[in-house]
Each structure stands twice: as structure tokens, then as C-alpha cells.
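S.K.: My questions will all concern the structure given below.
4 protein chains.
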Amino acid sequence: MSEVRASAGERAHAPVPRRAGRPRSEEADCAILDAALDALVEDGYGGMSIERIAANAGVGKATIYRRWRGKAEIVVDALSRRACFDVPLVDTGDLRADLLTTLRAVHANMVGVEGPLMAAFAAEKFRYPELREEFERVFVAERRAHLRALVAAAVERGELPADTDVELLADAGPALLWHALTVRSDPGDASLPDRIVNQLLR
Amino acid sequence: MSEVRASAGERAHAPVPRRAGRPRSEEADCAILDAALDALVEDGYGGMSIERIAANAGVGKATIYRRWRGKAEIVVDALSRRACFDVPLVDTGDLRADLLTTLRAVHANMVGVEGPLMAAFAAEKFRYPELREEFERVFVAERRAHLRALVAAAVERGELPADTDVELLADAGPALLWHALTVRSDPGDASLPDRIVNQLLR
Amino acid sequence: MSEVRASAGERAHAPVPRRAGRPRSEEADCAILDAALDALVEDGYGGMSIERIAANAGVGKATIYRRWRGKAEIVVDALSRRACFDVPLVDTGDLRADLLTTLRAVHANMVGVEGPLMAAFAAEKFRYPELREEFERVFVAERRAHLRALVAAAVERGELPADTDVELLADAGPALLWHALTVRSDPGDASLPDRIVNQLLR
Amino acid sequence: MSEVRASAGERAHAPVPRRAGRPRSEEADCAILDAALDALVEDGYGGMSIERIAANAGVGKATIYRRWRGKAEIVVDALSRRACFDVPLVDTGDLRADLLTTLRAVHANMVGVEGPLMAAFAAEKFRYPELREEFERVFVAERRAHLRALVAAAVERGELPADTDVELLADAGPALLWHALTVRSDPGDASLPDRIVNQLLR
DNA sequence: AGATAATCGAGACGGTACGTCCCGTCTTCCA
DNA sequence: TGGAAGACGGGACGTACCGTCTCGATTATCT
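Residue numbers (my numbering), protein chains in the order written: chain A, 8 to 209; chain B, 8 to 209; chain C, 8 to 209; chain D, 8 to 209.
Next up, the structure:
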């Protein structure tokens with residue numbers, strides 16, 4: 008994210024563009040990102056201070072500013088490295104089962120440890136547009152494409168009507184979970200994915 | 008919102024229990040709220056400063072803090088006074104038509120001036136849970152109850168299967184619009200409400 | 008030094024150009040200047056930090072920067088307000104006695120609290136030529152003119168040769184004390200003024 | 008100054024105490040000291056930074072810290088190598104002539120190229136006591152001892168009264184020049200040494 | 001009419017955090 | 001081993017705002 012760092016060089020005599028001087032400490036990297044995530048959860052994006060991150064990470068402020076240009080960049084980097092929005096991209100050929108698997112995983116993430124992180128990130132990305140792309144990449148893109156593929160395949164197989172609005176149907180499940188989390192401020196219980204699948208694939 | 012002003016009146020036909028001293032200037036109120044919305048748009052919530060709001064409104068800082076306790080309250084008040092999330096609660100007995108009317112109105116609000124405000128407000132309510140209620144009141148409650156009533160009536164009438172998950176189906180439309188606005192960062196074009204209704208009520 | 012502050016207004020109806028807003032605290036002024044002098048003595052000019060001055064004075068940094076533009080200005084102001092280079096300008100008609108009185112007073116000042124202040128100020132005035140005048144005014148002008156007058160009168164009276172270099176002889180005493188303080192870094196003991204007078208007026 | 012350097016002879020008998028490894032670069036030495044003097048003149052002692060010296064000298068910071076322990080040592084070394092406070096220590100047996108020669112040389116140095124350097128050094132030594140000793144060594148000690156010896160010899164020879172305060176009389180000349188330079192901020196014209204000698208040795 | 005009282009704009013207050021610069025040390029690779 | 005390069009933890013810099021607190025002046029209601 009933050010830097011290039013000598014990309015191997017496969018062959019003999021490869022010039023290896025190693026930067027001169029002492030290399031940056033990976034320990035510091037980690038300590039800072041950990042402290043940043045702690046701070047994000049503890050104080051929120053607006054309330055966290057780089058000064059405190061530095062102190063908690065046992066690091067000088069300059070060491071932070073050498074790597075990132077500001078709070079937004081730190082948070083983005085921290086999230087993109089730490090956040091494991093862990094949703095298996097299953098494809099068994101059974102749409103109902105695959106959809107259920109996916110939504111259950113999404114829901115589990117939302118009510119689990121990633122929930123506050125995701126909610127915080129979602130909240131912040133409105134205020135700080137520079138976070139938007141990263142949010143997309145980490146939480147949305149892959150999973151959304153997969154769901155769309157699942158639905159499209161089901162249409163192909165004739166399990167769903169030919170005039171199905173693939174994009175909408177694929178989005179509907181996550182949209183309802185997202186709505187519960189962010190609008191209703193209540194992610195619902197474990198049965199919510201089942202209810203959603205039942206209603207959508209009736 | 009911000010304060011208890013002239014509390015009721017003790018007697019019948021109370022002669023207006025006006026407080027002693029110079030009354031607060033309504034001009035100042037307006038100037039501040041306008042400046043606050045400008046600032047919100049210009050610099051974002053994180054970047055706006057009360058000092059600049061005061062300066063732009065031609066007002067002392069104390070005049071602001073006399074009315075609100077902080078940035079969050081100002082923004083909330085500004086939004087709740089300015090934001091008119093205008094969705095007619097129609098009930099013609101035709102679910103498809105009513106749902107379409109509602110979603111079109113919601114969508115129009117989202118793509119219009121209210122969209123960014125709503126998103127900003129949604130972001131706020133995560134950090135300041137006390138704003139959740141206001142968000143609920145302004146943007147959600149009435150409309151959500153109405154949609155649920157519409158769907159329930161349709162089930163009653165036998166237009167929808169008896170085992171329909173009323174809550175989910177009522178939420179699905181707004182959820183998809185909200186998903187488009189906040190997750191996909193693209194509220195979609197004017198046909199989106201139609202596509203949603205077509206997909207949900209097939 | 009640092010500011011103007013309502014210059015009286017002599018007549019009736021004088022507009023009195025009182026600045027708007029809360030007036031600056033004189034307590035803060037004093038606390039800062041005291042802390043600054045303490046710091047100057049404690050850590051030296053190079054070692055003192057404005058941050059510590061603020062902390063010791065129980066004052067925010069902004070309160071300091073509102074009044075002065077930097078360390079140099081603070082020190083100068085502190086010196087010019089606190090430094091009372093107290094030398095009585097006696098003229099009894101007895102050159103030897105008057106000279107002795109003067110040099111003893113100068114010496115007392117140098118070995119006392121004013122010595123380091125004077126030296127520090129002398130250092131300042133090299134970097135900031137605009138301070139030269141202040142140095143001259145506070146430490147030099149009056150006393151130097153007086154001594155010259157004393158010597159000139161003695162020449163007039165015939166106590167000293169007619170070809171006496173008045174200026175040089177008048178300067179010689181203070182010059183030797185200054186030399187001891189600044190070059191030899193040892194202001195000498197209480198007998199130094201006597202030795203000087205004895206040597207100069209032999 | 009700062010360190011023991013591989014001393015001389017390579018051949019016969021010399022056990023060659025040469026240290027192992029790459030010898031230190033004399034180029035670096037010079038470049039650093041030159042850059043240091045430039046910086047001293049440009050930014051003053053307080054304003055100069057070792058980081059910039061290193062950069063301007065095209066040298067790593069470690070190369071500086073390997074040779075000197077801090078800013079003061081660098082400056083001191085730079086001055087003591089570059090500054091040639093060139094005062095011949097004549098002793099012809101003629102006090103008046105020798106004194107005059109000495110004071111003229113001192114005065115010439117003060118008004119000449121060494122003036123600003125000396126003034127800067129003098130200014131800084133008050134603020135940074137670590138410079139004091141070096142100032143003494145470079146600008147004062149030898150010359151002062153010599154002048155005292157001259158005066159003492161004159162007393163010995165009976166040219167001056169037996170009760171002459173040797174130390175004071177020896178200091179008086181330089182003291183008056185110093186006073187002119189630092190207190191009066193005007194080193195005076197070329198006749199000043201003559202006036203001083205005339206007044207002191209009447 | 002005068003007293004009382006809350007408001008107003010202005011701006012200073014003690015603080016916290018910012019992002020930059022430099023300190024003196026340490027760590028890398030190259031000569 | 002010394003050199004240039006540059007990262008390290010630390011700390012002060014001067015600035016911007018925070019939310020609170022005076023100021024003198026203004027504008028109301030209540031004697």
C-alpha cells in the first residue's frame with residue numbers, strides 16, 4: 008500500500024532497485040497498524056489521534072508520517088491489511104444452498120468481530136471519500152461479482168425465470184443485511200439469512 | 008431540538024412566559040445553520056470547524072455554543088430542519104402502484120439534495136448513537152411502517168402468498184436503494200425503482 | 008513592548024480605542040515572563056523551550072504566541088521589563104568618590120541577578136539589531152552620559168589634565184567591568200571597582 | 008582537536024599505529040567545517056542544523072558524529088582552524104610601542120574579516136557556555152598573558168610605578184576595544200588604539 | 001424611566017493535536 | 001572499517017480549533 012519495496016528480481020544480475028539507507032522496520036509497520044485499528048474501534052475515526060497511535064505503538068510520529076500522509080491513509084491501509092471479510096465463494100450448482108451459505112457468512116461477519124470495523128468503515132467512507140474505493144475492494148467487489156455469477160448461472164440453468172434481474176436479485180440479499188445493520192441498527196438474529204433466502208427464492 | 012424554549016405556559020391562555028433579557032436572534036440561528044450546511048458540503052464533517060462557521064455566519068462562537076453543544080448537534084439540527092425527506096404515503100389499494108410511487112419518491116430524494124445529507128447523517132449516527140433516534144424519525148419510521156402496512160394489506164387481500172415475510176418484503180425496496188446509494192456509491196438512474204418493483208413482485 | 012493597549016485618552020469623550028473582545032490577561036503576561044526568565048537562567052537561551060515555559064506558567068502555547076513571535080521576543084521583553092539596571096547618578100563634585108560609587112553599583116548589578124540578563128541581552132542584540140536600541144536604553148545610555156559629564160567636570164576643575172581623553176576615561180571603568188564579566192567570565196570580587204579607580208585616577 | 012589521527016611516518020622504524028580499515032576522508036573533514044562556518048554565518052548558531060550541514064557537505068550525519076560530539080564542538084573546531092586571530096606577540100622592550108602594536112592588531116582583527124566571526128562567537132558563547140572555553144583559548148588567553156608580561160616587565164624596569172595594578176592595566180586596552188565593539192556597537196576608527204595608549208600610559 | 005437580565009460580536013483563555021524539523025543513534029549496502 | 005543514505009524514537013516547533021470565559025454594547029421585560 009504505502010510503498011514499493013524491492014520487488015525480488017528473478018534473474019541473475021537483476022539490478023534490484025533496493026533503496027539506499029536503512030530499510031523501514033516491519034515491526035514498526037505492524038505496531039502502528041495495530042494501534043491504529045485499536046484506536047479506530049476505541050475512539051472512532053474522528054476521535055483517534057495520530058499522536059496517541061504513535062505513543063501506543065512505541066514509535067515516533069515521523070515514523071508514521073514517513074509511511075502515510077494522514078489518518079485516512081493509515082486507516083485504509085490498516086483495514087485493507089487486517090480486515091478479513093471472510094466469505095467463502097462457494098459454487099455447488101445449488102443456488103439456494105450457495106446463496107444461503109454466502110449470506111450466513113456475511114451475516115456472521117456483520118455480527119462478529121468484523122461488524123464494528125465494517126460499520127465504522129462504512130460510516131467513515133461517506134465523510135472521507137478517499138476511503139470509498141478501499142471499502143469497495145475489501146468488503147464488496149469480489150463477493151458481489153460471485154453472487155451475480157451464481158444467480159446468472161441459475162438463470163442459465165432455468166432455475167430462475169429468463170427475465171430475472173440478475174443484478175438486483177444478487178444484490179438483494181446483502182442489501183437487506185446491510186439495511187438491517189446500518190439503517191435499522193440491528194443486524195438481526197441467525198435466522199435472518201434463511202428468511203431472506205426464503206423470501207427471495209420463493 | 009436544541010433547547011427548551013418558552014415551556015408551555017402554566018395557565019390557560021398563558022400570556023407567553025417569555026424569558027427576561029434580550030431574546031435570541033433568529034437571524035443568527037439561520038445564519039449559523041446555513042453556514043453549517045455550507046461547511047458540511049464544502050469541507051466534510053471532519054474538516055469543518057465551528058470557528059469558521061461562526062466567522063462565516065458573522066456570529067460569536069458563544070452564540071453557537073449557547074444553542075448547541077457541539078458539531079454533531081449543529082449538523083443534526085441543520086439536517087432535521089432543512090432536510091425534508093418528502094415521501095407521500097399513498098394507499099390506493101394497488102400494491103404495485105403504491106410501492107412504485109414510494110420507491111420513486113425515495114429514489115428522487117436520494118439522487119437529489121437529500122442524498123448526501125442522508126448519507127452524512129447515517130455516518131453521524133454511528134459515532135453519536137443519540138442521533139439514531141433522530142435519523143429514524145426523519146428518514147425511516149413513518150415510511151417503513153407505511154410500506155409494511157401496504158404489504159400486509161396485500162397479503163390480507165390474497166395478492167401475495169400468505170407465507171410472505173411482510174417485514175422483509177417491505178424493507179427490500181428501500182434496502183436496495185440504500186445499498187445502491189451507500190455501498191455501490193451510485194444511486195442508479197430513474198428506472199431503478201421500476202426494476203426493483205418488477206423483481207420483487209413477480 | 009509587545010502591544011499598544013488603550014493609550015489613555017486625555018479629553019472628555021475621547022473615543023478610547025479599546026479593543027473588542029476579552030482583554031488579555033496581565034496575570035498571564037507576568038507568569039509567562041517570569042517563567043521565561045527562570046528558563047533563561049535554568050537552561051540557557053538555547054536550551055529553554057517555549058513548551059516548558061507555557062507549562063510552567065500554567066498557560067497555553069497560543070497565549071504566548073499571541074503576544075510574541077518567538078523566543079527572542081519573549082526574552083527581550085522579559086529583560087526590558089524586569090531588568091532594572093539600578094545605578095544612582097551621583098555628582099558630589101568628588102570625581103574619585105562619584106566614580107567609585109558608580110562602578111560599585113555597576114559591579115553590584117553585574118554580579119547580581121542583572122549580570123546574566125545583561126549578558127544574554129548583549130548576545131541577543133547581535134542577531135537582532137533592532138534590540139540594540141533597547142540594550143542601549145536600558146543598560147548604557149544614561150549612565151555613560153553621566154560618567155562622561157563627571158570626567159569632563161573634573162577636567163574643567165583642573166583635577167585632571169586638560170588633554171584627558173574624556174570619552175575614553177569615562178568608558179574605561181565600565182569597559183573593565185564588562186570585560187571581566189563577558190571576556191573573562193568572572194565578574195571579580197567587591198574590590199574590583201576600587202582597584203579600577205585606583206589605577207585609572209593615579 | 009577531536010581525535011587522534013594516524014600520525015605521520017610510514018617507513019623506517021615506525022610501528023605505524025595506523026588503524027585498520029578505511030581511513031577517514033580529509034575531504035569530508037573540510038567539507039563539513041566549511042559548511043559549518045557557512046551555516047554559522049547564514050543562520051546563526053541557534054539556527055544552524057547538523058542535518059543541513061551534512062546535506063550541504065554531501066556527507067552522512069554519522070560521518071559528522073564520528074568526528075565531533077555535537078554542534079558546539081563542530082563550531083569550535085571550525086573556528087579554531089579557520090579563525091586566525093592574528094596578533095603578533097612582540098616584545099621589543101618598549102611598552103608603549105609593543106602595546107600599540109598589539110592593540111592595532113586586535114583592532115584590525117575586529118574591524119576586519121574576523122570581526123563578524125568574533126562577534127558571532129562572542130554572542131553565542133553567552134548563550135551556549137560550552138563555547139566559552141574555546142573562545143578563551145582562541146581569542147584571549149595567549150594575548151592576555153603576553154600583555155600582562157609586557158606590563159609586568161615595564162614595572163620591573165621602573166617605567167611604570169611599582170604599585171601599578173598589572174592585571175588591570177594589561178586588560179584595559181583590550182577591554183576598551185571590546186567595549187567599543189560589543190557595547191557601543193561601533194569598533195571605532197584606526198586612531199582608537201593610539202588614543203587608548205595615550206590615555207593609559209600618560 | 002430605571003433596574004435587571006440575557007443576548008450579541010469579539011476575542012482571549014488553557015488545552016490537544018496537527019504535521020514538520022531536527023536531534024543523536026542505528027542499520028543497511030558499497031567501496 | 002569508513003562512507004552515504006536514510007530510518008529510528010524522541011521532542012520542540014508554530015498553527016488551528018476546541019469549548020469556556022470575559023469584555024462592552026444592545027435589547028428586551030419587569031418593576
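Where is the CB? At the ideal position from N, CA and C, for every residue including glycine.
For S198 (chain B), would you say it is in contact with chain A, using Cβ-to-Cβ distances shorter than 8 Å as the test?
M.R.: no
S.K.: So which residues on chain A does T189 (chain B) lean against when the C-beta distance must stay under 8 Å?
M.R.: A129, F133, W185 and T189
S.K.: Considering Cα atoms alone, identify which of A:A152, A:R164, A:L106 and A:R191 is closest to E140 (chain B).
M.R.: A:R191
S.K.: When the distance is taken between beta carbons, is A182 (chain D) closer than 8 Å to H186 (chain C)?
M.R.: yes
S.K.: Find out if the Cβ-Cβ distance for the pair G65 (chain D), A38 (chain D) is shorter than 8 Å.
M.R.: yes
S.K.: Say whether the stretch 99 to 118 of chain C touches the stretch 142 to 161 of chain C, bearing in mind that this needs 3 or more beta-carbon pairs closer than 8 Å, one atom from each stretch.
M.R.: yes
S.K.: List the residues of chain A whose Cβ lies closer than 7 Å to the Cβ of D178 (chain B), in chain order.
M.R.: L183 and H186
S.K.: Classify T189 (chain A) as buried or exposed, calling it buried when 16 or more other Cβ atoms lie within 10 Å of its own Cβ.
M.R.: Its Cβ being crowded by 16 or more others within 10 Å, T189 (chain A) is buried.
S.K.: How many whole angstroms separate the CB atoms of L173 (chain C) and A159 (chain C), which I take to be in contact at a CB cut-off of 8 Å?
M.R.: Going by the sequence as given, residue 173 (chain C) is Val instead of Leu. Contact flag correct, Cβ pair sits at about 5 Å.
S.K.: Residue range of the alpha helix (DSSP H) that R164 (chain B) falls in?
M.R.: Its alpha helix (DSSP H) spans residues A148 to R164.
S.K.: From what residue to what residue does the alpha helix (DSSP H) around D45 (chain D) run?
M.R.: E33 to G54
S.K.: Of all the CB atoms in chain C, is at least one closer than 8 Å to the CB of R202 (chain D)?
M.R.: yes
S.K.: Rounded to a whole number of angstroms, what is the C-alpha to C-alpha distance between A46 (chain B) and M117 (chain B)?
M.R.: Near 20 Å, if we compare the C-alpha coordinates of M117 (chain B) and A46 (chain B).
S.K.: Going by the beta-carbon positions, is the gap between L157 (chain D) and V113 (chain D) smaller than 8 Å?
M.R.: no
S.K.: Taking a cut of 8 Å between CB atoms, which residues from the stretch 158 to 177 of chain B lie near chain A?
M.R.: P168, T171, D172, L175 and L176
S.K.: Kindly list, in the order they appear in chain C, the residues whose Cβ is closer than 9 Å to that of V147 (chain D).
M.R.: Within 9 Å Cβ-Cβ: V190 and R191.
S.K.: In this structure, does DSSP put L167 (chain A) in helix, strand or coil?
M.R.: coil
S.K.: Could you please give the first and the last residue of the uninterrupted alpha helix (DSSP H) stretch that includes P200 (chain A)?
M.R.: Its alpha helix (DSSP H) spans residues L199 to L207.
S.K.: Residues in its own chain within less than 7 Å of I203 (chain D) by CB, not counting five upstream and five downstream?
M.R.: L110, G180 and L183
S.K.: List the endpoints of the continuous alpha helix (DSSP H) containing T108 (chain B).
M.R.: L102 to V118
S.K.: Tell me, please, whether the CB atom of A126 (chain C) is closer than 8 Å to any CB atom in chain D?
M.R.: yes
S.K.: M125 (chain C): which of C:N205, C:D98, C:E163 and C:A85 sits nearest, CA to CA?
M.R.: C:A85
S.K.: Count the other CB atoms, across all protein chains shown, that sit within 10 Å of the CB of S87 (chain B); report buried if there are 16 or more and exposed otherwise.
M.R.: So S87 (chain B) counts as buried.
S.K.: Just how far apart, CA to CA, sit E58 (chain C) and R73 (chain C)?
M.R.: Cα to Cα, E58 (chain C) sits roughly 14 Å from R73 (chain C).
S.K.: At the level of alpha carbons, what is the spacing between G54 (chain A) and E33 (chain A)?
M.R.: 26 Å
S.K.: How big is the Cα-Cα spacing for P168 (chain C) and G51 (chain C)?
M.R.: 46 Å
S.K.: Determine the direct distance from the alpha carbon of D170 (chain B) to that of V162 (chain B), and round the result to whole angstroms.
M.R.: 8 Å
S.K.: Rounded to whole angstroms, what's the CA-CA distance from D193 (chain A) to N63 (chain B)? Just pull it up for me.
M.R.: 39 Å
S.K.: Taking only beta-carbon atoms, is R139 (chain C) less than 8 Å away from chain D?
M.R.: yes
S.K.: Strictly below 8 Å CB to CB, what residues from chain A border N116 (chain B)?
M.R.: Chain A residues near N116 (chain B): none, gap ~14 Å exceeds 8 Å.
S.K.: For G180 (chain D), which of helix, strand or coil comes out of DSSP?
M.R.: G180 (chain D): helix per DSSP, three-state reduction.
S.K.: Which of the three DSSP states is assigned to S87 (chain D) in this structure?
M.R.: helix
S.K.: Please confirm if G65 (chain C) has its CB atom under 8 Å from at least one CB of chain D.
M.R.: no
S.K.: Could you pull out every residue in the same chain whose Cβ sits closer than 8 Å to the Cβ of D3 (chain B), ignoring the five residues on either side in sequence?
M.R.: Examination of residue 3 (chain B) is not possible in this model, given that chain B is present from 8 through 209 alone.
S.K.: Can you grab the Cα-Cα spacing for the pair D41 (chain A) / I71 (chain A), in whole Å?
M.R.: 13 Å
S.K.: Are L44 (chain C) and R89 (chain C) close, meaning C-beta to C-beta below 8 Å?
M.R.: yes
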